[in-house]
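Participant:
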Amino acid sequence: MADTTGSGERQGETITLYEAIGGDAGVRALTHRFYELMDTLPEAARCRAIHPPDLSGSEEKFYEYLTGWLGGPPLYTDKRGHPMLRRRHFAATIGPAERDEWLLCFGRALEETVPSEGLRAIILEPVTRLAHHMQNQE
Numbered sequence: 031m032a033d034t035t036g037s038g039e040r041q042g043e044t045i046t047l048y049e050a051i052g053g054d055a056g057v058r059a060l061t062h063r064f065y066e067l068m069d070t071l072p073e074a075a076r077c078r079a080i081h082p083p084d085l086s087g088s089e090e091k092f093y094e095y096l097t098g099w100l101g102g103p104p105l106y107t108d109k110r111g112h113p114m115l116r117r118r119h120f121a122a123t124i125g126p127a128e129r130d131e132w133l134l135c136f137g138r139a140l141e142e143t144v145p146s147e148g149l150r151a152i153i154l155e156p157v158t159r160l161a162h163h164m165q166n167q168e
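For what it's worth, the working numbering labels the leading residue of the sequence shown as 31, then goes sequentially.
Structure below.
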């Protein structure tokens, strides 16, 4: 059984964040809720506007990326190669508002789908750094 305190250990055995949040089902729930929030929250309208009308492709890519990033199977890189996230997102105008709205959706989805506060903190800190890195407009 996974330790949900955020220590990443199971009876002395280190586990991945992927395992700690529930494996495939956990990542699916997180990414699905993230895109639901982005699609429905009025306070995420600018972030939503830089995405395609149909979010299913974006959701699948994010699920694949997050699976590998959290220590699960390297689905994204196996299918699409190196993520090159900043380069792939450079066509989108990502300013402070879009970045913050994306983080709002991710933070809420994380809070709703990952019960452990410790795990949420471990995941959110580097995701926040990445979101700031993705910003390409002032």
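For each residue, glycine too, the CB sits at the ideal point set by N, CA and C.
1) In or out: GLU73 buried (at least 16 other Cβ within 10 Å) or exposed?
2) Distance check for GLU155 and THR44, CA to CA, integer angstroms please.
3) CB THR46 to CB GLY102, shorter than 9 angstroms?
4) From the DSSP output, in three-state form, read off GLU94 for me.
5) DSSP on GLU43, reduced to helix/strand/coil?
6) Measure how close the beta-carbons of THR61 and GLU89 come, nearest whole angstrom, since I'm counting them as under 8 angstroms.
7) By Cβ distance below 8 angstroms, which residues in the same chain neighbour ASP54 in space, the five residues on each side in sequence not counted?
Facilitator: If we stick to the structure as given:
1) Taking the first residue of the sequence shown as position 1, residue 73 is located at position 43. Exposed is the call here.
2) Position 14 of the sequence shown, counted from the start, is the residue given in the question as residue 44. Position 125 of the sequence shown, counted from the start, is the residue given in the question as residue 155. In a straight line, the C-alpha of THR44 is about 20 angstroms away from that of GLU155.
3) Indexing the sequence shown from 1 puts residue 46 at position 16. Indexing the sequence shown from 1 puts residue 102 at position 72. In this structure, GLY102 lies closer than 9 angstroms to THR46 by Cβ.
4) Taking the sequence shown and counting its residues from 1, the one referred to as residue 94 is at position 64. Residue state, collapsed to three classes: helix.
5) Here residue 43 refers to the residue found at position 13 when the sequence shown is read from its first residue. DSSP places GLU43 in strand when its eight states are reduced to three.
6) Looking up residue 61 in the sequence shown gives position 31. Looking up residue 89 in the sequence shown gives position 59. With 8 angstroms as the limit, THR61 and GLU89 qualify as a contact, their Cβ atoms being about 6 angstroms apart.
7) Counting from one through the sequence shown, the residue named residue 54 turns up at place 24. Excluding five sequence positions before and after ASP54, the CB atoms of its chain that fall closer than 8 angstroms to its own CB belong to THR97, GLY102, given in chain order.
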